[in-house]
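Read through the structure below, which is laid out as structure tokens, and then see the notes.
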Amino acid sequence: MAIKLGMNGKMYYLGTGTRASWGTPDADGIYGGSAPGGLVELGNVRDVTLNLEEGEADVTTRANNGWRATEPTLKEGSVEFEMAYDPADTGFARILGGWLNRTVLPMAILDGDETVVGTMGLWADFKVISFSKGEPLEEGQMVSVTIKPAYSDVAPEWVKVTS
2 MAIKLGMNGK MYYLGTGTRA SWGTPDADGI YGGSAPGGLV ELGNVRDVTL
52 NLEEGEADVT TRANNGWRAT EPTLKEGSVE FEMAYDPADT GFARILGGWL
102 NRTVLPMAIL DGDETVVGTM GLWADFKVIS FSKGEPLEEG QMVSVTIKPA
152 YSDVAPEWVK VTS
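Quick note on my numbering: the sequence shown kicks off at 2 and runs consecutively.
Here's what the structure looks like:
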């Protein structure tokens, strides 16, 4: 098994069209298939963090013999990343436009290239929730961005390139 390095992760947005399901889910709930056409790599990113959590419900009863019992509820996800402040960059403009206009951005946050069999990650319609610009005295101007899954006809999917 090979270790995946952060620098080899890829982030893509759908350049044209609307997002559809990646494919059919397997027994583990992973949607497999080829990456959709029209994905555009968002190369002006660094320090990407994909946060995946579930809410929890307390289902403790007396039968648990003093142990608290918990069941997962709603899934929640967010992606945090930084971009160099570059208004001439097409990807930067897409993210800024998403924040300014509150538009849906179909995106794939993958652990590798979209064409490599075995690449996995999150495929969802996102909205930009936070777009913060920093101007440190001795560094380049950077933007910190947070995106979260948005209302969509297609639920977020954990995907795998299988062909």
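Quick reminder that beta carbons are idealized off the backbone N, C-alpha and C, glycines included.
Small disclaimer: the values here were computed from a predicted structure and weren't measured.
Reducing DSSP to helix, strand and coil, say where residue i ends up.
i      : result
LEU6   : coil
ASN1   : Limits of the chain in this structure are 2 at one end and 164 at the other, which puts residue 1 out of reach.
TRP100 : helix
ARG47  : strand
THR19  : coil
ALA85  : strand
ALA94  : helix
Using a Cβ-Cβ cut-off of 7 Å (strictly less than) and excluding sequence neighbours within five positions of residue i, which residues of its own chain qualify?
i      : result
THR17  : GLY39
TRP100 : VAL129, PHE132
Closer than 6 Å by C-beta to residue i: which residues in its own chain qualify, once you throw out the five before and the five after it? Chain order, please.
i      : result
SER164 : SER35
ARG20  : PRO107, ASP126, VAL155
LEU111 : LYS11, THR120, GLY122
ASN52  : SER79
THR61  : ARG69, ALA70
CA-CA distance, residue i and residue j?
i      : j      : result
TYR152 : ASN102 : 15 Å
VAL160 : ALA94  : 26 Å
THR104 : PRO26  : 27 Å
VAL144 : ALA89  : 14 Å
LYS149 : ALA28  : 26 Å
ARG69  : GLY98  : 46 Å
Here's a check: name, in chain order, each residue in its chain whose Cβ is nearer than 8 Å to the Cβ of residue i, leaving out the five neighbours to either side.
i      : result
VAL117 : VAL162
SER22  : TYR32, VAL155, GLU158
GLN142 : ALA85, TYR86, LYS134, GLY135, GLU136
Just to confirm before moving on: does the CB-CB distance between residue i and residue j stay below 8 Å?
i      : j      : result
GLY33  : GLY113 : no
GLU115 : TYR13  : yes
LEU43  : GLY7   : no
VAL146 : ILE96  : yes
For this session: Would you check if there are 3 or more beta carbon pairs closer than 8 Å linking the region 68-78 to the region 49-59?
Result: yes
For this session: Count the CB pairs spanning the region 59-74 and the region 116-123 that are closer than 8 Å, and state whether there are at least three.
Result: no
Exercise. Are the region 128-142 and the region 2-9 in contact at 8 Å, needing three or more beta carbon pairs?
Worked result: no
Exercise. Just checking, does the region 83-95 make contact with the region 37-47 on the three C-beta pairs under 8 Å criterion?
Worked result: yes
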